[in-house]
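See below for the structure under consideration.
Residue numbers (the working numbering): 341 to 485.
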């Protein structure tokens with residue numbers, strides 16, 4: 341199974357969609373908590389679903405169960421907790437939610453996890469991919485940033 345990841349921050353629409361189109365991924369799985377904000381630009385939920393279908397021939401799914409809680413995200417963004425704390429808490433949240441048991445395995449095959457962070461280093465999309473890799477095994481993770 342291949343699982344791609346991509347963030348949209350600091351990418352033009354052209355570079356974003358070219359990365360996706362060139363990847364070979366079949367769908368984008370949006371793992372953002374808030375995908376309707378004006379700050380999302382061309383990746384606002386309904387616009388993104390349209391662009392993915394028309395520009396890339398890809399499907400779109402929003403999976404908020406793969407996002408942090410609003411409280412956890414806010415604590416990290418406000419600087420009240422470190423990245424290490426955030427990572428540990430988010431890993432615990434995924435284990436508590438048992439995301440590996442959600443009916444998502446077929447959906448993940450040849451999919452791209454989408455979030456806003458520019459790179460995967462300090463982004464929960466990487467944590468989701470690595471967590472599932474640890475639970476399901478045979479996953480090749482490819483970061484498109």
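C-beta: ideal position from N, C-alpha, C; glycine also.
Every value quoted in this text rests on a predicted model; they were computed, and no experiment measured them.
**Item:** Where residue 439 sits in the DSSP three-state scheme
**Value:** Taking the first residue of the chain shown as position 1, residue 439 is located at position 99. Of the three classes helix, strand and coil, the one that applies to residue 439 here is helix, per DSSP.
**Request:** Report the partner residues of residue 368 according to the DSSP bridge assignment.
**Result:** One-based indexing of the chain shown puts residue 368 at position 28. Its beta-bridge partners are 400 and 452.
**Asked** Using the rule of at least 16 other Cβ atoms within 10 Å of the residue's Cβ for burial, across every protein chain shown, is residue 347 buried or exposed?
**Response** Walking along the chain shown from the start, residue 347 turns up at place 7. With 16 or more Cβ atoms within 10 Å of its Cβ, residue 347 is classed as buried.
**Asked** For residue 419, which of helix, strand or coil comes out of DSSP?
**Response** Start at 1 with the first residue of the chain shown, and residue 419 comes out as number 79. Looking at residue 419 - three-state DSSP - the assignment turns out to be coil, as it is neither helix nor strand.
**Message:** Looking at residue 365: is its Cβ nearer than 9 Å to the Cβ of residue 390?
**Reply:** If you number the chain shown from 1, residue 365 lands on position 25. If you number the chain shown from 1, residue 390 lands on position 50. Not in contact: residue 365 and residue 390 (Cβ atoms no closer than 9 Å).
**Message:** I need the DSSP call for residue 354, collapsed to helix, strand or coil.
**Reply:** On the chain shown, position 14 is the one that residue 354 refers to. Residue state, collapsed to three classes: helix.
**Item:** Cβ shell of residue 471 (< 6 Å), same chain only, five flanking positions each side left out
**Value:** Your numbering for residue 471 matches position 131 in the chain shown. So the list reads 434, once near-sequence residues are dropped.
**Prompt:** When you compare each of 386, 363 and 467 to residue 440 by their alpha carbons, which one comes out closest?
**Reply:** The sequence position of residue 440 within the chain shown is 100, counting from 1. For the residues 386, 363 and 467, the minimum Cα distance to residue 440 belongs to 467.
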